[in-house]
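**Q** Numbering (the UniProt record's numbering), first residue to last: 1 to 188.
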């Protein structure tokens, strides 16, 4: 199976359409209706491409709500046009495209011969300034929770167990020693 430089699911849609004898329709969000109006009798594999989310978090939130409404209207139209349908919802990040899909072998990101002077050795990459907590992430949430459980649950339980064992008294130690008693000897 060849790799495309665009949406990686186009190849998968092509393979599915060949097996099912259907037509591949690759459109952008909001453009499903005009393309499906031509042939509603034939099976379709529809790939709906969503535009990328860019900008600040507020902008991305707004764009995401717009994408959701576009995708919802497209799905409603597909449901109305085809009573029997299957939805496979998948996503991919186009920002990873430059790493994963290289058409030109000269621009491979794994070729280290292009600029060896720009590489940084591991010893120089590690920051030497600051304390150990600044250089390494030692206090992770898992470690903090473990320390809390040990110090506030297990250590008190151990101390309670030791004090409980220390408070056990033997009845032999509590009795008065039976030694020589002068009164008992006179009565005999």
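Quick reminder that beta carbons are idealized off the backbone N, C-alpha and C, glycines included.
In angstroms with no decimal places, state the Cα-to-Cα distance between residue 162 and residue 134.
**A** The sequence position of residue 162 within the chain shown is 162, counting from 1. The sequence position of residue 134 within the chain shown is 134, counting from 1. Their backbone Cα atoms lie some 39 Å apart in a straight line.
**Q** With DSSP as the reference, label residue 68 as helix, strand or coil.
**A** Residue mapping note: residue 68 aligns to position 68 of the chain shown, counting from 1. The answer is helix: DSSP assigns residue 68 an H, G or I state.
**Q** Would you kindly check if the distance between the Cβ of residue 24 and the Cβ of residue 13 is under 7 Å?
**A** Locating residue 13 in the chain shown gives position 13, counting from the first residue. Locating residue 24 in the chain shown gives position 24, counting from the first residue. Yes, these two residues count as a Cβ contact at 7 Å.
**Q** When the Cα atoms are used, what is the spatial distance from residue 160 to residue 146?
**A** For the purposes of this step, residue 160 is identified with residue 160 of the chain shown, where counting begins at 1. For the purposes of this step, residue 146 is identified with residue 146 of the chain shown, where counting begins at 1. Going from the Cα of residue 160 to the Cα of residue 146 covers about 20 Å.
**Q** What span of residues does the alpha helix (DSSP H) with residue 24 cover, start to end?
**A** Counting from 1 along the chain shown, the entry for residue 24 is found at position 24. That residue, residue 24, is in no alpha helix (DSSP H); its beta strand (DSSP E) goes 23-28.
**Q** Hey, how far is the Cα of residue 84 from the Cα of residue 77?
**A** In the chain shown, residue 84 corresponds to position 84, counting from 1. In the chain shown, residue 77 corresponds to position 77, counting from 1. Going from the Cα of residue 84 to the Cα of residue 77 covers about 13 Å.
**Q** Compare the Cα-Cα distances from residue 48 to each of 148, 54, 32, 164 and report the closest residue.
**A** As a position in the chain shown, residue 48 is number 48, starting the count at 1. With distances taken between Cα atoms, residue 48 lies closest to 32.
**Q** Would you report the Cα separation of residue 61 and residue 68, rounded to the nearest angstrom?
**A** Your numbering for residue 61 matches position 61 in the chain shown. Your numbering for residue 68 matches position 68 in the chain shown. Straight-line Cα distance between these residues: approximately 11 Å.
**Q** Cα separation between residue 141 and residue 89?
**A** Your numbering for residue 141 matches position 141 in the chain shown. Your numbering for residue 89 matches position 89 in the chain shown. Going from the Cα of residue 141 to the Cα of residue 89 covers about 33 Å.
**Q** Which residues share a DSSP beta bridge with residue 48?
**A** Position 48 of the chain shown, counting from 1, holds the residue named residue 48. BP columns for residue 48 point to 27.
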